Structures are given as structure tokens and as C-alpha cells.
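Here the sequence shown stands for residues 2 to 186, numbered as in the working numbering.
Ideal placement from N, C-alpha and C gives every residue a C-beta, glycine not left out.
Fair warning: this is a prediction, and the values are worked out from it, not measured in the lab.
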Amino acid sequence: MKCIVNRLLVVAVAACFFGCAAKSVPNSGKTGNYNDYTENLSEVRPTYTPVIVKTETKGTTSIPESKKVIPSMGAEAQHVNRRLDEVMEASAAKNKTIRYAAGYRIQVYTGNERQSAEAAKLLVYQNFPELNPYLSYKQPTYKLKVGDFMRKLDAERYYSQIKSLFPTAVLQPDKIDIRYSMSIN
């Protein structure tokens, strides 16, 4: 029995020794560096042939740059570009019809007296000629708002200056006229 236990012990130690030994991988002549990898992919790469375009010189009509045929483009690419131009022109035409957007205005005056509102409007004209004043009346209150600001950062820049003239001024989100907002520096 002791002999069997000794043999099993020797086999277990040998299996552990040979099982944990470092294994070597055949190198096949390469250094093993990733930068040494080479493979010829020219067989699977696509090749393109340039399209030759003949231009006629009869007459004085010229083709605009955006409509000219680029020699390296195929017919499919030109079709996609024409369609993209149409979509972009339609989008530009739609954007021109948009007049109002969400933005910010500075409320300068709120009160019941029209003369005070008109005086505040005149003071804004004198100090900030680039800002458009908007006087509204909802019984019994007059409100004077100025500016058409797309970004809050632009409105805050003017707000700090207006606050020195009108201590009760408040920055408010409002619907603004886009054309006027582009003219504010």
C-alpha cells in the first residue's frame, strides 16, 4: 500500500511540474513584433478609373462650379450630390420663412404710467440704439422689454449694463424676432 501511495505522489508531483512549466511557441523566423506584420492586400482593394468629361466650347454659357462634373465621381455619386443639393436648397428656403424663435429679452419697466414707460423707452434709445424696445400694454400694466437675444450669454452682457440704468430690470425668456437678433453685436 505504501508503494502505491508513493507512486501516486511521484505522478502528481511530475504532472504539476510539467503542467506549470513555461511553454514555448515556435517563432517561424519572425521577431514577434507587431510592426513586422506584412500582408499584401492589393488583390482585394477596389480600383477606380477616372471618368473623362468632354466639354463643349460652343456659346458663352458656363456651368456653375457646383454643377460641374468632377472627373473622379461616378454617375451614382453625381446623382446623390444633385439630390443633396435639392434637399439643402429646400431646407434653406424653409429656414428663410421662420421669423420667430425662442430667445431672451430684458424687461426694463413695469408699471401703470404710460409716460414713465415712454421715458424709459427714450432712455433705452439714447443709450442702446442697437436694441429694439417693445412696449406692451395689458390692462392696467405697461411693460417695456428690450433686445432680441438668441443666447442667454449675449443677453447677460447687456443686462449688466442696463441694470445700472434700470435697477428693476429683469432678464426673461421670450419669443424673439430672428432678423433683429442677427444685428445685435
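Own chain residues within Cβ distance below 8 Å of residue i, not counting five before or after
i           : result
residue 173 : 105, 106, 107, 108 and 146
residue 176 : 101, 102, 103 and 104
Alpha carbon of residue i to alpha carbon of residue j, nearest angstrom
i           : j           : result
residue 152 : residue 139 : 27 Å
residue 160 : residue 170 : 8 Å
residue 36  : residue 3   : 58 Å
residue 52  : residue 86  : 21 Å
residue 13  : residue 38  : 42 Å
residue 120 : residue 82  : 57 Å
residue 113 : residue 136 : 12 Å
residue 162 : residue 89  : 40 Å
residue 115 : residue 84  : 56 Å
residue 128 : residue 98  : 32 Å
residue 48  : residue 40  : 18 Å
residue 142 : residue 179 : 27 Å
residue 117 : residue 158 : 25 Å
residue 166 : residue 181 : 23 Å
residue 164 : residue 150 : 16 Å
residue 10  : residue 42  : 56 Å
residue 111 : residue 144 : 5 Å
residue 15  : residue 7   : 12 Å
residue 134 : residue 156 : 14 Å
Under the three-state DSSP convention, the category residue i falls into
i           : result
residue 111 : strand
residue 5   : helix
residue 127 : helix
residue 45  : coil
residue 162 : helix
residue 50  : coil
residue 172 : strand
residue 100 : coil
residue 135 : strand
residue 38  : coil
residue 106 : strand
beta-carbon residue i near the ligand COA non-hydrogen atom, thresh 7 Å
i           : result
residue 127 : Looking for the ligand COA in the displayed structure turns up nothing, as the structure carries no ligands at all.
Beta-carbon proximity list for residue i, same chain, < 6 Å, skipping 5 on both sides
i           : result
residue 132 : 147 and 148
residue 17  : none
Requested in this report: Say whether the segment 120–129 touches the segment 88–104, bearing in mind that this needs 3 or more beta-carbon pairs closer than 8 Å, one atom from each stretch.
Outcome: Between the segment 120–129 and the segment 88–104 there are fewer than three inter-stretch CB-CB distances shorter than 8 Å, so the stretches are not counted as touching.
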